[in-house]
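Enquirer:
2 protein chains.
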Amino acid sequence: MPKLSAAYATTTLQRPLVATDIVLFALRDDALQVVLIRRAMPPFAGKWALPGGFVLPDETIDHAAKRELAEETGMRIAGEYLEQLYTFGEVRRDPRARVISVAYLALMHGEGAEPRGGSDAADATWFAIGSLPQLAFDHADIIAYALQRLRYKLEYTNVLYAMLPEHFTLPDLQQAYETIMGAALDKRNFRKKIISLGFVKPLQRWTQPEKGRPAQLWKFTKREPVMVKTFVTKAGG
Amino acid sequence: MPKLSAAYATTTLQRPLVATDIVLFALRDDALQVVLIRRAMPPFAGKWALPGGFVLPDETIDHAAKRELAEETGMRIAGEYLEQLYTFGEVRRDPRARVISVAYLALMHGEGAEPRGGSDAADATWFAIGSLPQLAFDHADIIAYALQRLRYKLEYTNVLYAMLPEHFTLPDLQQAYETIMGAALDKRNFRKKIISLGFVKPLQRWTQPEKGRPAQLWKFTKREPVMVKTFVTKAGG
DNA sequence: ACAAAAGTGTTAATTTTACACCCATGG
DNA sequence: CCATGGGTGTAAAATTAACACTTTTGT
Numbered sequence: 001m002p003k004l005s006a007a008y009a010t011t012t013l014q015r016p017l018v019a020t021d022i023v024l025f026a027l028r029d030d031a032l033q034v035v036l037i038r039r040a041m042p043p044f045a046g047k048w049a050l051p052g053g054f055v056l057p058d059e060t061i062d063h064a065a066k067r068e069l070a071e072e073t074g075m076r077i078a079g080e081y082l083e084q085l086y087t088f089g090e091v092r093r094d095p096r097a098r099v100i101s102v103a104y105l106a107l108m109h110g111e112g113a114e115p116r117g118g119s120d121a122a123d124a125t126w127f128a129i130g131s132l133p134q135l136a137f138d139h140a141d142i143i144a145y146a147l148q149r150l151r152y153k154l155e156y157t158n159v160l161y162a163m164l165p166e167h168f169t170l171p172d173l174q175q176a177y178e179t180i181m182g183a184a185l186d187k188r189n190f191r192k193k194i195i196s197l198g199f200v201k202p203l204q205r206w207t208q209p210e211k212g213r214p215a216q217l218w219k220f221t222k223r224e225p226v227m228v229k230t231f232v233t234k235a236g237g
Numbered sequence: 238m239p240k241l242s243a244a245y246a247t248t249t250l251q252r253p254l255v256a257t258d259i260v261l262f263a264l265r266d267d268a269l270q271v272v273l274i275r276r277a278m279p280p281f282a283g284k285w286a287l288p289g290g291f292v293l294p295d296e297t298i299d300h301a302a303k304r305e306l307a308e309e310t311g312m313r314i315a316g317e318y319l320e321q322l323y324t325f326g327e328v329r330r331d332p333r334a335r336v337i338s339v340a341y342l343a344l345m346h347g348e349g350a351e352p353r354g355g356s357d358a359a360d361a362t363w364f365a366i367g368s369l370p371q372l373a374f375d376h377a378d379i380i381a382y383a384l385q386r387l388r389y390k391l392e393y394t395n396v397l398y399a400m401l402p403e404h405f406t407l408p409d410l411q412q413a414y415e416t417i418m419g420a421a422l423d424k425r426n427f428r429k430k431i432i433s434l435g436f437v438k439p440l441q442r443w444t445q446p447e448k449g450r451p452a453q454l455w456k457f458t459k460r461e462p463v464m465v466k467t468f469v470t471k472a473g474g
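One line per chain: the protein sequences are S and V, in this order. Mapping to my numbering: the first sequence position 107 is 107, numbers consecutive. Each position in the second sequence, counted from 1, maps to that position plus 237 in my numbering.
(1) Give me, in chain order, the residues of the same chain whose beta-carbon lies closer than 6 Å to that of residue 75/S; leave out the 5 immediate sequence neighbours on both sides.
(2) Residue range of the alpha helix (DSSP H) that residue 393/V falls in?
(3) Just the Cα atoms here: how many angstroms apart are residue 299/V and residue 319/V?
(4) Using a Cβ-Cβ cut-off of 8 Å (strictly less than) and excluding sequence neighbours within five positions of residue 45/S, which residues of its own chain qualify?
(5) Along chain V, which residues have their Cβ under 8 Å away from the Cβ of residue 86/S?
(6) Is the Cβ of residue 237/S closer than 8 Å to any Cβ of chain V?
(7) Please return the same chain residues whose Cβ sits closer than 6 Å to the Cβ of residue 255/V, not counting the five positions on each side in sequence.
(8) When you compare only the Cα positions, how much space is there between residue 92/S and residue 425/V?
(9) In the DSSP assignment, find the alpha helix (DSSP H) that holds residue 366/V and state where it starts and stops.
(10) May I have the straight-line CA-CA distance separating residue 382/V from residue 373/V, to the nearest angstrom?
(11) Assuming residue 287/V and residue 376/V make a contact with CB atoms under 8 Å, what is their CB distance in whole Å?
(12) How many angstroms separate the CA atom of residue 185/S from the CA atom of residue 196/S?
(13) Can you name the residues of chain V whose CB is closer than 7 Å to the CB of residue 16/S?
(14) Buried or exposed: which applies to residue 315/V, given that a residue is buried once 16 or more other Cβ atoms fall within 10 Å of its Cβ?
(15) Taking all protein chains shown into account, do 16 or more other C-beta atoms lie within 10 angstroms of the C-beta of residue 472/V, making it buried, or fewer, making it exposed?
(16) Evaluate residue 85/S with the Cβ neighbour count: other Cβ atoms within 10 Å of its Cβ, from every protein chain shown; 16 or more gives buried, anything less gives exposed.
(17) If we cut at 8 Å on Cβ distances, does residue 328/V have a partner in chain S?
(18) If you measure from the beta carbon of residue 143/S to each beta carbon in chain V, is any gap under 8 Å?
(19) Which residues of chain V have a Cβ atom closer than 8 Å to the Cβ of residue 98/S, listed in chain order?
(20) For residue 159/S, decide whether its Cβ has a neighbour in chain V, counting only Cβ atoms nearer than 8 Å.
(21) Residue 221/S: buried (16+ other C-beta within 10 angstroms of its C-beta) or exposed?
(22) According to DSSP, which residues form a beta bridge with residue 201/S?
(23) Quick one: which unbroken beta strand (DSSP E) runs of 3-plus residues sit fully inside the stretch 12-61 of chain S? Chain order, please.
(24) Tell me whether residue 160/S is buried or exposed, calling it buried when 16 or more other Cβ atoms sit within 10 Å of its Cβ.
(25) Rounded to the nearest angstrom, how far is the Cβ of residue 242/S from that of residue 26/S, given a contact under 8 Å?
(26) Per DSSP, what kind of secondary structure is residue 243/V in: helix, strand or coil?
(27) In chain S, what lies closer than 9 Å to residue 489/V by C-beta?
(28) For residue 414/V, collect the residues of the same chain with a Cβ closer than 8 Å to its Cβ; drop the 5 residues on either side in sequence, then sort them by chain order.
(29) Taking Cβ to Cβ, would you say residue 362/V is nearer than 8 Å to residue 302/V?
(30) Name the DSSP beta bridge partners of residue 123/S, please?
(31) Contact check, residue 206/S vs residue 170/S under 8 Å by CB: the rounded distance?
(32) Give me the subset of the stretch 297-309 of chain V whose CB atoms are less than 7 Å from a CB atom of chain S, sorted by chain position.
(33) Should residue 120/S be labelled buried (16 or more other beta-carbon atoms within 10 Å of its own) or exposed?
(34) Verify whether the separation of the beta carbon atoms of residue 340/V and residue 379/V is less than 8 Å.
(35) Could you pull out every residue in the same chain whose Cβ sits closer than 8 Å to the Cβ of residue 412/V, ignoring the five residues on either side in sequence?
Here it is, written out as structure tokens:
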């Protein structure tokens, strides 16, 4: 194996370290929530933070993200959604050492998904986006960035498949959009739009509500990321 | 300063290293071109690669990107455009060691901007996107990703300000779009669109061409990133 | 029959597309 | 007056936005 350049080798003891932080969102109790852990170790011991940790030498960054999430919260991103967000590299973002963190956006459906602390996490639980505690490091920035990205993605992808159960009603789906976007949508226009995009298809099944008319159940046509076919300006003349 | 956890400290000698690679695009000779360097050192000595290098302990990643670009090519990203793209972390992407690379997208206007080799670069020059040489590492993937990102950005931002001179004609601007998107656009519709977006404003100056009618000069209203005000679904009902 | 929630259609406004000729200049 | 490239408008089509009543069920 060829050696690294002499110039870089001399700085070896102060190289930046590489970590990953995961913003795992789910819809719970009609709110967008994120999993946080209570840090067991300094710095910021006792403070809430995103799950995450250092990337090991023989794993990809994606793998580190999934592993740390599982270790610290018990949550697994299986058929759900995991996407690299951004790499945060301010020099003093971690008081211990120079740590560069590759942040991830993860989505899952949150009903019945209870995190449990583990590893470096004294505790782990969901927080609604609107009532986050004070956070360690630059994790508030990371969450804000993740939320912005999620909102953009809702506009032109089907990523919501990861946040809803396999079968759902259109009012459920609309509720999910509204909760995440923080805005009310017109029911008729919403339905027309979402159906015409082809993201969802109806089942021959209906809910059995205690009150009100039963709602038809739908499913996503694909449970993998699909983009709207925008983004091709037209030719001509 | 608090210490890192014992578990992580034991892996200290094989921590991932952090580098940055820069995809610097410019429009030259009616083509989208990218700066490549010829590697002076192994691995891939003699092969073409993106400019880039390791992140030093006391600099941000953005800074490392600018510094390495300057060292290896002599090019400076001043009032231009620099954006973090994606972090590439496959375990064996660098045969020397575990190297994680934070890739950047940089844009500048390329007329009269001649790179020169330096530092670890035996040579540095522009290549048209359509005729790239064989590339070291996963740099072909990185360029492909950067190109995709640039094309998306053209659709909803004014980033082209970084790739055009301060004053330009609308045919120049259209040509730039077409070159990057790889598609022809209708002249009248293009003008209506770009003007209605408010990205550009006309000057009271005209070109003095050798042939044909003089063209009016325009400038960008803002020489900083601005997004189209899309991305807000409407409320109601 | 009432309360609750689901479902449905039409019109106006806006945006996007298609398309062809006239204008200003230099040689 | 010709060649070259710049500049312009309008109508059709598609998309988006606004908006209110009827249906189904359980009690």
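Where a beta carbon is used, it is the ideal one built from N, C-alpha and C, also for glycine.
Expert: Taking the coordinates as given:
(1) Here residue 75/S corresponds to residue number 75 of the first sequence, with the count starting at 1. Excluding positions up to five away in sequence, the list reads 69 and 115.
(2) Locating residue 393/V in the second sequence gives position 156, where the first residue counts as 1. Here the alpha helix (DSSP H) through residue 393/V covers 376-393.
(3) Translated into positions along the second sequence, residue 299/V becomes position 62. Translated into positions along the second sequence, residue 319/V becomes position 82. One Cα belongs to residue 299/V, the other to residue 319/V, and the distance between them is close to 8 Å.
(4) Mapped onto the first sequence, residue 45/S falls at position 45. Here the set comprises 39.
(5) Counting from 1 along the first sequence, the entry for residue 86/S is found at position 86. Within chain V, the residues 321 have their CB atoms less than 8 Å from the CB of residue 86/S, given in chain order.
(6) Counting from 1 along the first sequence, the entry for residue 237/S is found at position 237. Low per-residue confidence applies at residue 237/S: pLDDT is 29, beneath 50, and the placement is therefore not dependable enough to give any value.
(7) Locating residue 255/V in the second sequence gives position 18, counting from the first residue. Once the five neighbours on either side are set aside, the close Cβ partners of residue 255/V are 292 and 337.
(8) One-based indexing of the first sequence puts residue 92/S at position 92. One-based indexing of the second sequence puts residue 425/V at position 188. Computed Cα separation, rounded: 51 Å.
(9) For the purposes of this step, residue 366/V is identified with residue 129 of the second sequence, where counting begins at 1. For residue 366/V, there is no enclosing alpha helix (DSSP H), as DSSP gives it neither H nor E.
(10) The residue you call residue 382/V lines up with position 145 of the second sequence. The residue you call residue 373/V lines up with position 136 of the second sequence. Between residue 382/V and residue 373/V, the C-alpha separation is close to 16 Å.
(11) To locate residue 287/V, count along the second sequence from 1; it is residue 50. To locate residue 376/V, count along the second sequence from 1; it is residue 139. The Cβ separation is near 5 Å, so the contact holds.
(12) Here residue 185/S refers to the residue found at position 185 of the first sequence. Here residue 196/S refers to the residue found at position 196 of the first sequence. C-alpha separation (whole angstroms): 16 Å.
(13) Translated into positions along the first sequence, residue 16/S becomes position 16. The contacting residues are 255, 292 and 294.
(14) By one-based count along the second sequence, residue 315/V stands at place 78. Around the beta carbon of residue 315/V, fewer than 16 other beta carbons sit within 10 angstroms, so the residue counts as exposed.
(15) As a working mapping, residue 472/V is identified with position 235 in the second sequence. In this predicted model, residue 472/V has a pLDDT of only 42, less than 50, meaning its place in the structure is not dependable; the value taken from the coordinates is given anyway. Exposure of residue 472/V is indicated by the presence of fewer than 16 other C-beta atoms within 10 angstroms of its C-beta.
(16) Position 85 of the first sequence, counted from the first residue, corresponds to residue 85/S. Burial of residue 85/S is indicated by the presence of at least 16 other C-beta atoms within 10 angstroms of its C-beta.
(17) Reading the second sequence from its first residue, position 91 is the one you call residue 328/V. With a threshold of 8 Å between beta carbons, residue 328/V makes contact with chain S.
(18) Taking the first sequence and counting its residues from 1, the one referred to as residue 143/S is at position 143. At a cut-off of 8 Å, the C-beta of residue 143/S has no neighbouring C-beta in chain V.
(19) Along the first sequence, one-based indexing puts residue 98/S at 98. Ordered by position in chain V, the residues that pass the 8 Å Cβ test against residue 98/S are 294 and 295.
(20) Residue numbering aside, residue 159/S sits at position 159 when the first sequence is read from its first letter. No, no contact with chain V.
(21) Within the first sequence, the letter at position 221 stands for residue 221/S. Its Cβ having fewer than 16 others within 10 Å, residue 221/S is exposed.
(22) Start at 1 with the first residue of the first sequence, and residue 201/S comes out as number 201. Assignment of beta-bridge partners to residue 201/S by DSSP yields 219/S.
(23) Runs of the beta strand (DSSP E) spanning 3 or more residues and lying entirely within the stretch 12-61 of chain S occur at 17-28, 31-39 and 52-54, in chain order.
(24) One-based indexing of the first sequence puts residue 160/S at position 160. Classification for residue 160/S: buried.
(25) Residue 242/S is absent from the model: chain S starts at 1 and stops at 237.
(26) Translated into the one-based positions of the second sequence, residue 243/V becomes position 6. Low local confidence applies: a pLDDT of 49 at residue 243/V is under 50, so the model's placement there is unreliable, with the coordinate-based value given in what follows. For residue 243/V, the three-state secondary structure derived from DSSP is helix.
(27) With chain V running from 238 to 474 in the structure shown, residue 489/V is simply not present.
(28) What you label residue 414/V is simply residue 177 of the second sequence in a count that begins at 1. 391, 397, 422 and 427, listed in sequence order.
(29) Locating residue 362/V in the second sequence gives position 125, where the first residue counts as 1. Locating residue 302/V in the second sequence gives position 65, where the first residue counts as 1. The Cβ atoms of residue 362/V and residue 302/V do not sit closer than 8 Å to each other.
(30) To locate residue 123/S, count along the first sequence from 1; it is residue 123. Bridge partners of residue 123/S: 38/S.
(31) Counted from its first residue, the first sequence places residue 206/S at position 206. Counted from its first residue, the first sequence places residue 170/S at position 170. Wrong, their Cβ atoms sit about 12 Å apart, outside the cutoff.
(32) Cβ contacts with chain S: 297 and 298.
(33) Taking the first sequence and counting its residues from 1, one reaches residue 120/S at position 120. Residue 120/S is buried by the Cβ-count criterion.
(34) In the second sequence, the residue the question calls residue 340/V occupies position 103. In the second sequence, the residue the question calls residue 379/V occupies position 142. It is a contact, given that the beta carbons lie within the stated cut-off.
(35) The count along the second sequence starts at 1 and reaches residue 412/V at position 175. Once the five neighbours on either side are set aside, the close Cβ partners of residue 412/V are 267.
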